[in-house]
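**Q** Start counting at 1 in the sequence shown, then tack on 151, and there's your number in our numbering. By construction, the Cβ of each residue, glycine as well, lies at the ideal position given by its N, Cα and C atoms. Before anything else, here's the structure in question.
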Amino acid sequence: MTGVERTRCVDWLRGLGRLKEARTMISQALTIYSAITDNLGRANALHGLGEIHQARYNYPNVQKSFDAALRIYTSMGDRLGQANTIQRLGEIHQARWNLDCARESFAKASGLYRRIGSRCGQANALYGLGQIQQARGKIDDAEIFFEEALDIYTHIGDALGRATATHGLGEIQQSRSLFTEAKKLFITALVIQTEVGYICGRAASLVGLGDIHCAMPRPRYADAESYYIEALAAAFRSGHYHALASALIGLADIHRARSEDLEAEDLYITALLFYTNIEEGMGRAKVLLELGQLRVLQRRHREARALLTRAGKLSTRLSCEVLRSRSEELLTEALEAEALSIHLPGSPIMLATQRLDEVADITPSLPSRISAQAA
Numbered sequence: 152m153t154g155v156e157r158t159r160c161v162d163w164l165r166g167l168g169r170l171k172e173a174r175t176m177i178s179q180a181l182t183i184y185s186a187i188t189d190n191l192g193r194a195n196a197l198h199g200l201g202e203i204h205q206a207r208y209n210y211p212n213v214q215k216s217f218d219a220a221l222r223i224y225t226s227m228g229d230r231l232g233q234a235n236t237i238q239r240l241g242e243i244h245q246a247r248w249n250l251d252c253a254r255e256s257f258a259k260a261s262g263l264y265r266r267i268g269s270r271c272g273q274a275n276a277l278y279g280l281g282q283i284q285q286a287r288g289k290i291d292d293a294e295i296f297f298e299e300a301l302d303i304y305t306h307i308g309d310a311l312g313r314a315t316a317t318h319g320l321g322e323i324q325q326s327r328s329l330f331t332e333a334k335k336l337f338i339t340a341l342v343i344q345t346e347v348g349y350i351c352g353r354a355a356s357l358v359g360l361g362d363i364h365c366a367m368p369r370p371r372y373a374d375a376e377s378y379y380i381e382a383l384a385a386a387f388r389s390g391h392y393h394a395l396a397s398a399l400i401g402l403a404d405i406h407r408a409r410s411e412d413l414e415a416e417d418l419y420i421t422a423l424l425f426y427t428n429i430e431e432g433m434g435r436a437k438v439l440l441e442l443g444q445l446r447v448l449q450r451r452h453r454e455a456r457a458l459l460t461r462a463g464k465l466s467t468r469l470s471c472e473v474l475r476s477r478s479e480e481l482l483t484e485a486l487e488a489e490a491l492s493i494h495l496p497g498s499p500i501m502l503a504t505q506r507l508d509e510v511a512d513i514t515p516s517l518p519s520r521i522s523a524q525a526a
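See below:
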C-alpha cells in the first residue's frame, strides 16, 4: 500500500469511527507476526499502529510505535521503511511544535528518499520542510519547498499530494494578503480533495476559504460563515480536530465582529478544549490571545490579565515572537486599564482556563447547536 493509499484508508476509517476496530486488527496481526518471527511484518504492523495513534492524536503511543518500527527497519536495512517512519516522526514533532526536531527528521527522510529513488517520499519530505519554514515565518523559503513538492506530485500523478501542496501555496498567498490568488489555490485543492474523497483535506481547504472571506478589506461574513459550517461538517465526520477547532475560531471571530460576545466566548472555549486535547500548543496560544483580547474590549481586565499571561508564556515556550509580542501589548493595556477601573466578577471562563492543564483525556463534544450544523 502506498503512502497516499494508506492516508486515505486511515482517513476513511476515521470518518466511519472505526479506528478502534482497525487498531484491534493491527494489534492481532502484530501478535501473529511476533509469534512467527516475521520482522518485516512486525515493523509494518507497528508502523500501522503508529498511524492509527496519530489519527487519534495519541502522541505518546505514536512515538513508541514508530520508534519500535524504526529499530526493526534499521536492523533489517530497510531504507524505505526507515524513511517512511522518520517522515512520520517529523510530522509528530511538527504537530507538537518541536520544529528543530521536525526539520531534522524531514531532512533525514528526504536524503533517504533521494538515495532510494522514491519521488513521492521526497515530495512528502519537501512539503514537511516547507511547513517548518512557514511556521517560522519564512514564507518565501516555504513557497520554494511547496513548489518543488508540487512539481514532483504533478509529475508522478499523485492527486492527493498535488492538492496538499496547492493548499500550502494557498496559505502562502493568504499570508501575503493576496486573497484572490489564495482563493483560487484553495478552490483548486478543494476540487481535487473532493474528487479523491479526502475529507480531512476538504475541511482544511474550507477553513482556508472562510479565513480569506473574513480577512478581505470588506469582509464577507455570510460567505465565510457558510464555509466554516461546511468545514465543521467535514471535520466532524472525519475526526479532524485541528480543522474543527480552526472552524470554531473562525465562527467565533464572526460573532465577535457582530458584537455577539457570548456566542463568541462559547466557541472560543470549545476550540480551546479541542486544541488542549490534541496537544496543539500554538492553537491554544492563539485562542487564549483571542479570549484575552475579548476581555480587554469588555473591560474585564482581571480575566484578560490571566488569559494574556498564559498566552504570553505559551508563546514564549513555542518561540512564537508574533504572538508573544501581541500578548505583551494587550497585557500592558489590560494592566493600565485595570489600575483605573473596578473589577467585574469572574466568569466561567476563568474556571475553564484554570482547569485546562489538568485535562488528561477530554472526549470532545460540540455544543448541540454546533453539532446540528455539522450534521
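Determine, using beta carbons only, whether residue 93 and residue 349 come nearer to each other than 8 Å.
**A** Since the displayed the chain opens at 152 and closes at 526, residue 93 lies outside it and no answer follows.
**Q** Please classify residue 417 as buried or exposed, where buried requires at least 16 neighbouring CB atoms within 10 angstroms.
**A** So residue 417 ends up on the buried side.
**Q** What distance in whole Å lies between the Cβ atoms of residue 382 and residue 343, which are believed to be in contact at a cut-off of 8 Å?
**A** Going by Cβ atoms, the distance from residue 343 to residue 382 rounds to 17 Å, so no, they are not a contact pair.
**Q** Compute the minimum distance between the beta carbon of residue 297 and the heavy atoms of the ligand ATP, and state whether it is under 7 Å.
**A** Here there are no bound small molecules, and the ligand ATP is not part of this structure.
**Q** Helix, strand or coil, according to DSSP, for residue 371 in the structure here?
**A** Looking at residue 371 - three-state DSSP - the assignment turns out to be coil, as it is neither helix nor strand.
**Q** Measuring alpha carbon to alpha carbon, tell me which of 390, 320 and 357 ends up nearest residue 377.
**A** The candidate whose alpha carbon is nearest that of residue 377 is 357.
**Q** Return the CA-CA distance between residue 253 and residue 304, expressed in angstroms with no decimal places.
**A** Going by the C-alpha atoms only, they are around 22 Å apart.
**Q** Relative to the alpha-carbon of residue 365, which residue among 331, 388 and 390 has its alpha-carbon at the smallest distance?
**A** Closest by alpha carbon: 331.
**Q** Which stretch, first to last residue, makes up the alpha helix (DSSP H) that contains residue 338?
**A** 330–347 is the extent of the alpha helix (DSSP H) around residue 338.
**Q** If we count the other Cβ atoms within 10 Å of its Cβ and call it buried at 16 or more, is residue 404 buried or exposed?
**A** By the 10 Å Cβ count, residue 404 comes out buried.
**Q** My guess is that residue 194 and residue 224 are in contact by the Cβ rule of under 8 Å, so how many angstroms apart are they, rounded?
**A** Contact holds; Cβ gap of about 5 Å.
**Q** From this set, 482, 401, 390 and 476, which residue's C-alpha is nearest residue 206's C-alpha?
**A** Taking only the C-alpha atoms, the option nearest residue 206 is 390.
**Q** Are there 16 or more other CB atoms within 10 angstroms of the CB of residue 493, so buried, or fewer, so exposed?
**A** Reliability of the predicted coordinates at residue 493 is poor, the pLDDT of 49 falling under 50, and no value is obtained from them.
**Q** Is the separation between the beta-carbon of residue 285 and that of residue 260 shorter than 8 Å?
**A** Not a contact, by the Cβ cut-off of 8 Å.
**Q** Measure the CB-CB distance between residue 295 and residue 270 and report whether it falls below 8 Å.
**A** Not closer than 8 Å, so no.
**Q** Once DSSP output is grouped into helix, strand and coil, what is the label at residue 435?
**A** DSSP places residue 435 in helix when its eight states are reduced to three.
**Q** Report the option in 233, 309 and 361 whose CA atom is closest to the CA atom of residue 322.
**A** Residue 322 has its Cα closest to that of 361, out of 233, 309 and 361.
**Q** Terminal residues of the continuous alpha helix (DSSP H) containing residue 294?
**A** Segment 290–307, the alpha helix (DSSP H) holding residue 294.
**Q** Compare the C-alpha of residue 402 against each of 192, 387 and 422 and name the closest.
**A** Nearest of 192, 387 and 422 to residue 402, Cα basis: 422.
**Q** Do residue 329 and residue 316 have their C-beta atoms closer together than 8 Å?
**A** Cβ distance not < 8 Å, so residue 329 and residue 316 don't count as in contact.
**Q** With a Cβ-Cβ cutoff of 8 Å, do residue 466 and residue 478 count as a contact?
**A** In contact: residue 466 and residue 478 (Cβ atoms closer than 8 Å).
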